[in-house]
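Mapping of the first sequence onto the working numbering: position 271 corresponds to residue 920, and the numbering continues sequentially without gaps.
For every residue, glycine included, the Cβ atom is placed at its ideal position computed from N, Cα and C.
Values in this document were obtained by computation on a predicted structure and should not be read as measured data.
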Amino acid sequence: MPLISLPDGSQRQFDQPVSVLAIAQDIGPGLARATLAAEVNGKLVDASYVVAEDASIAIVTPKDPKGLEVIRHSTAHLLAQAVKQLYPSAQVTIGPVIEDGFYYDFAFERAFTPEDLQAIEARMTELVEQDLVVSRRVMARDDAVAHFQAMGEEYKAKIIGDIPQGDEISLYGQGDFEDLCRGPHVPRTGVLGAFKLMKVAGAYWKGKSENEMLQRIYGTAWPDKKSLNAYLTRLAEAEKRDHRRIGQKLDLFSLQEEAGGGLVFWHPKGARIRRAIEDFWRDRHVAAGYELLYTPHIALQTLWDTSGHTDFYRESMYRPMEEDNQLYQLKPMNCPFHVLIYKNTLRSYRELPMRWAELGTVYRHEMSGALHGLMRVRGFTQDDAHVFCTEAQIEAEILEILDLTLDILGSFGFENYEIVLSTRPEKSVGSDEIWDKATGALRAALQNRGLSYGVDEGGGAFYGPKIDIKIEDAIGRSWQCSTVQLDFNLPERFGMEYVADDGSRRRPIMIHRALLGSLERFFGILVEHYEGRFPLWLAPVQAVVLNITDRQADYAVKIADSLRKQGFRMESDLRNEKIGYKIREHTIQRIPYLLVVGDKEMESGLVAVRTREGDDLGQMSVEALAQRLQSESASRGRN
RNA sequence: GCCCACGUAGCUCAGGGGUAGAGCACUUCCUUGGUAAGGAAGAGGUCAUCGGUUCAAAUCCGAUCGUGGGCUCCA
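This is the structure in structure tokens:
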């Protein structure tokens, strides 16, 4: 006689055990049709699940995030069924739900082709039309192993072997296909349909590179066609913002095959933006009490032995080069160099904290397959800084760093952050006391500024806890750029000291921090964030003067020169082309202001101003325009 | 590093065992036109590199390099 409590607080009494579906039916036929699964006392179950006792129940429909997960998971099964029908020798492995969709890994003697994907997708659609009933059954563990082995599904058998003893082994069947699965699943294949197979890729069994390579098929699935199309549109939007594409069109940077992979060439326009970024970065750092350093690009390998990099980081370092019977190492990091400067003289507690920053270019031999536009490169410039301080100064220094970070990121239009505090991992150096104190200081600093943050327990580096800050871009993607890490290791390895007020020698705390991460990567993110429409203070060309006929050529040049002398980045386009053509071209180049000069402007001594958004601001004097540019530039796009 | 795909003019791409194609960009000429593409002509390519198969290779095969999507990695 189950008494069912619903989320709205209402209750329903049933004479005998009832299925979730029957309960939904009892509430309304519309709900029954939409029922995918249910949460019974907080546990996610199938629609066919029978409730025998009193319970609180929430029906899961496609509108529910959990419903969407069920749809994606069931679509993954649908994919597996279609693959097994078309390619019986393929073995199924795992098929989890991921962000925006799902994938399924198969062991198959060859790679799936795009044509295969089309065939599989078509078969999936047929299976949806057949509206197969999805049913669940439970099997004893040994029986299940034997069952899958008999079917030739070695991987499934292995997976069951890894399921803890005592756990229920459930199988889901639909038509001729049955798969090991925890569930839950949709009641019928007919409720699926808004899906698309996206791509094939290789993936290692269990994600380990020493294991065999499987064929992974990625797909996306949604409650309805409208959501699917919205998602596909979103993907197309993201592709339009691709920094590689925009970088090419706006002539910002390139990667050169003749130079090697992962090495960035900044073209004049990209370099202008970079300089604007760097100038701003330096000014803010000096204002925040940092000293700016320059250090070499190579150093004796023995330095990297001391720092421990040749032990921990060898595979990412370029091979050393030999000179004068000594090995020199291209630097993958700047830290040891800053440490050397620290150690150049005896330090007093009176000097601490010391804040040293450097735009330091480093080289890391990233795996060829990992390279990606500007986002993952082999030579890049870190906006690196190291703060050396006493234990007592940690919290105050972290506060300073957080303030500087949020100020700088905000200036680039990033106002939403996701902050994670990572604590001590199992393998680590340093005493319990220092870890507790340091982690507490990080936490206190975050709380002091009222910042909400997550905690990644055990996610810190072996040498100290850290705070990572992810920024959210214009289309909601998040990127990790900033990191603040405490380091108990390098000061130890290098024997760093300072003389305390009691005359004793103490070890300083070292804080590593980068705000932008790598200039190359941050630039790539900026390009995508602004879709190449850089705010005025960053725009490589802030305004271009366009003459209508040759008669105004001298006047156009005069206007451009005048503004250039006032510090604006100007161009003039005197080509013998129609004004419409020039406007189109420079609008596509995303130049913020187009200054049109014809006979009328020349006579009145004004310019006609048009923005890249297409707004006509009318005529104005050069002085008025300069003032406008000045204040817009100074605001950095903030109101 | 591993799996798959791709590499043709500055760019975007078509073609494909028998003398290399388009659009845009570029150059020259005509046009001097008021807010997103005026017209004509011309120039431009060892078809990524190296090797193999073939009477003949841009095309087929292999290796290398690079690019893309994943995996892995990312103190």
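Neighbour-count burial assignment, residue i, 16 or more Cβ in a 10 Å radius
i       : result
Gln662  : exposed
Ser956  : buried
Val1193 : buried
Ser1221 : buried
Asn974  : exposed
Pro833  : buried
Leu735  : exposed
Lys692  : exposed
Ala1019 : exposed
His726  : buried
Gln1201 : buried
Tyr1179 : buried
Met650  : exposed
For residue i, the first and last residue of its enclosing alpha helix (DSSP H)
i       : result
Asp791  : Arg790 to Ala799
Val1190 : It is not in any alpha helix (DSSP H) - Val1190 carries neither H nor E in the DSSP assignment.
Arg1218 : Unbroken run through Arg1218: none, as it is neither H nor E.
Ala879  : Lys874 to Lys889
Leu1139 : Leu1139 to Arg1142
Which listed residue (the options) has its alpha carbon closest to that of residue i
i       : options                              : result
Glu1169 : Ile1118, Val913, Leu685 and Ile676   : Val913
Arg999  : Phe1183, Phe1037 and Arg963          : Phe1037
Glu1064 : Pro872, Gln1279 and Glu1121          : Glu1121
Thr869  : Glu971, Gly842 and Asp765            : Gly842
Leu942  : Ser1101, Leu881, Val988 and Ser1127  : Val988
Leu952  : Ile812, Arg1142 and Glu778           : Arg1142
Phe902  : His916, Trp1005, Gly911 and Phe797   : His916
Leu1095 : Gly1108, Leu1139, Ala793 and Ile1050 : Ile1050
Ala642  : Tyr752, Val699, Glu802 and Ser705    : This structure leaves residue 642 out entirely; the chain is present only between 650 and 1288.
Leu829  : Val741, Leu1055, Arg1092 and Ile1197 : Val741
Glu1044 : Glu1075, Arg1098 and Gly839          : Arg1098
Leu1008 : Pro1241, Leu877 and Glu940           : Glu940
Asp1151 : Val849, Ser997 and Lys874            : Ser997
Coil, strand or helix - residue i by DSSP
i       : result
Thr955  : helix
Gly679  : helix
Met773  : helix
Cys830  : coil
Lys1289 : Residue 1289 lies beyond the range of the chain shown here (650 to 1288); nothing can be said about it.
Thr1198 : coil
Thr1260 : strand
Asp1085 : helix
Lys715  : helix
Gln665  : coil
Met1251 : helix
Gln660  : strand
Ile812  : coil
Val1078 : coil
Residues that DSSP places opposite residue i in a beta bridge
i       : result
Ala704  : Ile653
Val1036 : Arg1004 and Ile1160
Ser1167 : Gln1031
Gly1009 : Gln1031
Trp915  : Phe902
Val782  : Arg837
Gly868  : Phe751 and Leu846
Ile1120 : Tyr1066 and Trp1128
Gly822  : Ser784 and Glu827
Lys692  : Val689
Gly1103 : Val1069
Gln1268 : Ala1257
Gln740  : Ala756
Where the beta strand (DSSP E) containing residue i begins and where it ends
i       : result
Lys1214 : No beta strand (DSSP E) holds Lys1214; the alpha helix (DSSP H) holding it covers Ala1202 to Lys1214.
Lys845  : Ala843 to Tyr853
Arg1233 : Arg1233 -> not in any beta strand (DSSP E); alpha helix (DSSP H) instead, spanning Ile1228 to Ile1237.
Leu995  : Unbroken run through Leu995: none, as it is neither H nor E.
Val1271 : Element bounds for Val1271: not the beta strand (DSSP E) but the alpha helix (DSSP H), Val1271 to Ser1284.
Ala1045 : No beta strand (DSSP E) contains Ala1045, which is instead part of the alpha helix (DSSP H) from Ile1043 to Ser1060.
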